[in-house]
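Colleague: Have a look at this one before I ask anything.
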Amino acid sequence: MGNTGKIKKFHLAASDDDIPVLIGIVSSEPDYRLSLKLNKRLGIGLKSIGPVEFTDETGTQFRFSRFSDSPSHPTSGFQLVCNRLLKNFLLPKLKNIDFLNLIPGATDEPFLEKLMTDLRETDSITGVFNIDIKALKDKNLKYLF
């Protein structure tokens with residue numbers, strides 16, 4: 000039939016470069032308006048892409064809007080994801096956060112500080128938080144990637 004040799008396992012170590020940066024944003028603006036303000040403020044091109052969709056254990060389907068500055072490769076660019084849908088949350092452990100800003104790969108500290116400062120200075124944003132993605136234990140976190 001074939002080679003009946005021993006199966007080998009390879010363990011691939013994940014480096015810190017593979018872990019995205021997650022920033023929580025508090026804002027009362029609708030998602031489309033906030034994306035326009037971020038486009039102007041940060042000089043990026045956020046565009047609406049396919050939403051984050053999933054069905055929970057009770058069979059309820061959720062659709063959280065998502066914007067990316069790289070529509071052809073949404074997971075490789077700057078993303079803005081809505082965390083709130085009426086009274087439901089994408090990440091229930093972050094109930095006070097309205098939007099999630101996801102930046103793939105490692106970013107240097109000065110870039111991250113500048114980004115957070117620019118976000119804080121944007122009108123209609125009332126809070127900006129750097130969220131430790133390694134410490135965040137939420138079952139819905141898998142839907143962001």
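For the sequence shown, numbering that gives the first Met the number 0 assigns the number 0 to the initial residue and increments by one for each residue that follows.
All residues carry an ideal CB built from backbone N, CA and C; glycine is no exception.
These numbers come from a predicted model, not from an experiment.
1. Assuming the contact rule is C-beta atoms closer than 8 Å, residue 52 and residue 62 should be a hit. Round their C-beta distance to whole Å, please.
2. Got a sec? Which residues, its chain only, sit under 8 Å from residue 5 by beta carbon, not counting five neighbours each side?
3. Of the residues 92, 97, 109, which one's Cα is nearest the Cα of residue 29?
4. From residue 32 to residue 8, what does the alpha carbon distance come to, in whole angstroms?
5. For residue 51, decide whether its Cβ has a neighbour in chain B, counting only Cβ atoms nearer than 8 Å.
6. Determine the extent of the beta strand (DSSP E) in which residue 50 is found, giving its start and end residues.
Modeller: Let's see:
1. With 8 Å as the limit, residue 52 and residue 62 qualify as a contact, their Cβ atoms being about 5 Å apart.
2. Excluding residues up to 5 positions away in sequence, nothing lies with its Cβ nearer than 8 Å to the Cβ of residue 5 in the same chain.
3. Residue 29 has its Cα closest to that of 97, out of 92, 97, 109.
4. Residue 32 and residue 8: Cα-Cα distance of roughly 49 Å.
5. Among the chains of the structure shown, chain B does not appear; only one protein chain is present.
6. First-last of the beta strand (DSSP E) with residue 50: 46 to 54.
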